[in-house]
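Numbering (this note's numbering), first residue to last: 255 to 489.
These notes concern the structure reproduced below.
Below you can see the structure in the form of structure tokens.
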């Protein structure tokens, strides 16, 4: 069994999560998750942040025993496909990790450095994971976000629990504005002037917005109803 499969099974057992539940959260089929967990296959590197986000860990925590040369090769393969702004974010993150590694006082916490690791983000409103919320053309507040901040067009705060366990109430999410979205992706949508974050499915003349929290019902819309896509949530 690989390090990834061992880590994945441990995290899934800790949350009492089934293969089917994880498959729905990361938009793959159940068989794929089963193969990951049994060590038959490994996920693509660009899928790791999405899996890690479900369990609240860092992507490298999932594969920490992977051969170093393989990690470097995969990082190069993925980063070479990114746009320059996203490559810049990867470089900043890697540089920060190197500085931490080279710090001889590993157990000494420098509070000033801790503060500097947080990034200031403009918040354009809330995306509802429950009732509707308003979006604004200009930032209405600023938040300090710890850790990696992807290149994005707007940042929103989640309000509600309908997208748990992937997004918690009060969590900051990052949006890439777009007029298109793939079936099964998570996006932010405007319905009757209010913003919602949901998973989307399209079939025939019906659009369905799905909450990941099973206690919430699906929302169905038809051709004559107005739903506007703001953009895709960056995972």
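By construction, the Cβ of each residue, glycine as well, lies at the ideal position given by its N, Cα and C atoms.
Comparing C-alpha positions only, which one of the options sits nearest to residue i?
i	options	result
residue 230	263, 296, 380 and 274	In the structure as shown, the chain begins at 255 and stops at 489. Residue 230 is therefore absent and cannot be evaluated.
residue 280	453, 457, 475 and 268	453
residue 428	264, 402, 416 and 354	402
residue 471	416, 330, 347 and 378	416
residue 488	329, 349 and 439	439
Who are the Cβ neighbours of residue i in its own chain at under 7 Å, not counting the five residues just before and after it?
i	result
residue 372	398, 399 and 400
residue 376	393, 396 and 409
residue 369	Per-residue confidence for residue 369 stands at a pLDDT of 48, beneath the threshold of 50, marking its modelled position as unreliable; the derived number appears in the next sentence. Contacts found: none.
residue 318	257
When you compare the CB positions of residue i and residue j, do they come within less than 9 Å of one another, or not?
i	j	result
residue 316	residue 262	yes
residue 343	residue 404	yes
residue 352	residue 432	no
residue 276	residue 308	yes
How close, in whole Å, do the beta carbons of residue i and residue j come, if the pair is a contact with beta carbons under 8 Å?
i	j	result
residue 414	residue 441	Incorrect: roughly 16 Å between the Cβ atoms, too far for contact.
residue 466	residue 473	Not a contact, Cβ separation roughly 13 Å.
residue 421	residue 451	7 Å
residue 284	residue 274	5 Å
Could you compute how far the alpha carbon of residue i sits from the alpha carbon of residue j?
i	j	result
residue 418	residue 412	10 Å
residue 406	residue 270	33 Å
residue 476	residue 459	6 Å
residue 374	residue 426	12 Å
residue 267	residue 356	35 Å
Which residues in the same chain have their Cβ closer than 8 Å to the Cβ of residue i, if we skip the five residues on either side of it in sequence?
i	result
residue 480	445 and 446
residue 306	312, 313, 315 and 316
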